[in-house]
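Trainee: Heads up: the sequence shown is residues 1 to 75, going by UniProt numbering.
Cβ coordinates follow ideal geometry from the N, Cα and C atoms, glycine included.
Sharing a structure, written as structure tokens. Questions coming.
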Amino acid sequence: DIAGQGIANPLATILSVSMMLRYSFNLGDAADAIEKAVSLVLDQGLRTGDIWSQGCTKVGTQEMGDAVVAALRNL
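Right, dumping it as structure tokens:
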């Protein structure tokens, strides 16, 4: 069990929100922004442990979520 350890990857949940906005609420622009923010964070080399590879920066759940929020705010 990984609960409370800060090692879960939040990107699937974040991208699920994007899909909800796009397909349930017809908010394509908001969905696009979320997807772009996730892409920017991954382009910066940030990775949670489950998708980490050499040359990338390993971060925890909170750090990954915070990075996506920061990227969204800077769009």
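A30 and L21 look like a contact to me (Cβ under 8 Å); what is the Cβ gap, rounded to whole Å?
Mentor: Walking along the sequence shown from the start, residue 30 turns up at place 30. Walking along the sequence shown from the start, residue 21 turns up at place 21. About 5 Å separates the two Cβ atoms, so the contact holds.
Trainee: Taking R47 and S39 to be in contact with their CB atoms under 8 Å, please state how far apart those CB atoms are, rounded to whole angstroms.
Mentor: Within the sequence shown, numbered from 1, the residue matching residue 47 stands at position 47. Within the sequence shown, numbered from 1, the residue matching residue 39 stands at position 39. That belief does not hold up - the Cβ atoms of R47 and S39 are roughly 13 Å apart, past 8 Å.
Trainee: Taking its Cβ as the centre, do 16 or more other Cβ atoms sit within 10 Å of N74, making it buried, or is it exposed?
Mentor: Position 74 of the sequence shown, counted from the start, is the residue given in the question as residue 74. Counting Cβ neighbours within 10 Å, N74 comes out exposed, since fewer than 16 surround it.
Trainee: May I have the straight-line CA-CA distance separating P10 from E35, to the nearest angstrom?
Mentor: For the purposes of this step, residue 10 is identified with residue 10 of the sequence shown, where counting begins at 1. For the purposes of this step, residue 35 is identified with residue 35 of the sequence shown, where counting begins at 1. The alpha-carbon atoms of P10 and E35 are separated by roughly 13 Å.
Trainee: Near Q44, what residues of its chain come up, given a Cβ to Cβ distance below 6 Å and the 5 sequence neighbours on each side ignored?
Mentor: Position 44 of the sequence shown, counted from the first residue, corresponds to residue 44. So no residue of the chain qualifies.
Trainee: Among D66, T61, V69, A70, which residue has its Cα nearest to the Cα of A3?
Mentor: Residue mapping note: residue 3 aligns to position 3 of the sequence shown, counting from 1. A3 has its Cα closest to that of T61, out of D66, T61, V69, A70.
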